[in-house]
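Asks:
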Amino acid sequence: MKKAAFFDFDGTLANTEKLSVLATQQAFKQANLPVPDAQDILHYQGVPIETSFSKLGAKDLNSSELQILYTYFRAAYQNGESEDTITAFPGIASALAQLQTAGVELFIMTSKKSAVAQRNLAILDINQYFSDIYGSDRVVAFKPLPGGLLQAMREHNIDYRQAVMIGDATFDIDAGNAAGIDTIAVTWGSHDQAILEKSRPNYLISDAKQLTEIIINE
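Counting in this note's numbering, the sequence shown runs from -8 upward without gaps.
1. Our contact map puts PHE0 next to ASN111 with C-beta atoms below 8 angstroms; I'd like the distance itself, whole angstroms only.
2. Identify whether GLY217 lies in helix, strand or coil by the three-state DSSP scheme.
3. Could you tell me whether the Cβ of ASN6 comes closer than 8 angstroms to any Cβ of chain D?
4. In this structure, how does DSSP classify THR7 when only helix, strand and coil are distinguished?
5. Count the other C-beta atoms from every protein chain shown that fall within 10 angstroms of the C-beta of LYS50, then say buried if there are 16 or more, exposed otherwise.
6. For the beta strand (DSSP E) holding GLU209, just list the boundary residues, first then last.
7. Could you say which of THR174, ALA18, PHE(-2) lies nearest to ASN118 if we only look at CA atoms?
8. Since ILE207 and LEU90 are thought to touch, with beta carbons under 8 angstroms apart, how far apart are those beta carbons, to the nearest angstrom?
9. Kindly indicate the opening and closing residues of the beta strand (DSSP E) around MET100.
10. Would you report the Cα separation of ILE99 and ALA160, rounded to the nearest angstrom?
11. Thinking C-alpha only, which one of GLY139, SER43, GLU204, SER181 is nearest THR101?
12. When you compare only the Cα positions, how much space is there between THR62 and GLN201?
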């Protein structure tokens, strides 16, 4: 049994696609920038906006202009947060409860700011399952780099052989692989199976029930 499980948030625990797209498009529109397509926005959902927005068309903005764009996005995102726009994927709450009961320590490893992740977990009523949240404000080397995972394992005295990273995007799997821990790719999020397979996860699953089978029993 694994002793620690690191979960991505968007696309792994929760469906936030509509909110992410609307907030991003609104921010770009407010900044008088070409509005990116929904598909492109969702592709980069697993990385911080400080990285993704430049790839979505904001690469020529100076530092102050970028900060304004980020502010637009964060305001639009927070204003749109609700039980209708942030929903847990089927079976997630049950899987988290089973993992915690079994003694697996659970963590969030997300591109969101930590406070935003905390708000979103509270909306889903699953915040009680997690020991700590590692948002983009707490780590230096964002996914797909392994910095956040290495930091978390160091701070919580976790043996990498007893840890696993769970995510819906190649960024999550690449980070886990680089950190030397097992990885579980889920197919219900932003990246499909064919894309995920290129990152060579240890496991590829399509049902949340498989999380407990792998983490507890294997």
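Think of the CB as a built atom: it goes at the ideal place given N, C-alpha and C, for glycine as much as any other residue.
Please read all numbers here as calculations on a predicted model, not as lab measurements.
Replies: The short version:
1. In the sequence shown, the residue the question calls residue 0 occupies position 9. In the sequence shown, the residue the question calls residue 111 occupies position 120. Sure, about 7 angstroms apart at Cβ, within 8 angstroms.
2. An answer regarding residue 217 cannot be provided, because it is not within the stretch -8 to 209 covered by the chain.
3. Judged by its chain identifiers, the structure shown contains no chain D, having just a single protein chain.
4. Numbered from its first residue, the sequence shown carries residue 7 at position 16. Coil, per DSSP.
5. For the purposes of this step, residue 50 is identified with residue 59 of the sequence shown, where counting begins at 1. It is exposed - the Cβ of LYS50 has fewer than 16 other Cβ atoms within 10 Å.
6. Counted from its first residue, the sequence shown places residue 209 at position 218. GLU209 -> no beta strand (DSSP E), and no H or E assigned at all.
7. Looking up residue 118 in the sequence shown gives position 127. Residue PHE(-2) is the option with its Cα nearest to ASN118.
8. In the sequence shown, residue 207 corresponds to position 216, counting from 1. In the sequence shown, residue 90 corresponds to position 99, counting from 1. Indeed, because the Cβ distance is near 7 angstroms, the residues count as touching under 8 angstroms.
9. The residue labelled residue 100 in the question sits at position 109 within the sequence shown. 96 to 100 is the extent of the beta strand (DSSP E) around MET100.
10. By one-based count along the sequence shown, residue 99 stands at place 108. By one-based count along the sequence shown, residue 160 stands at place 169. Going by the C-alpha atoms only, they are around 15 angstroms apart.
11. Residue 101 sits at position 110 when you count from the first residue of the sequence shown. Among GLY139, SER43, GLU204, SER181, the Cα nearest to that of THR101 is on GLY139.
12. In the sequence shown, residue 62 corresponds to position 71, counting from 1. In the sequence shown, residue 201 corresponds to position 210, counting from 1. If you take the alpha carbons of THR62 and GLN201, they lie about 38 angstroms apart.
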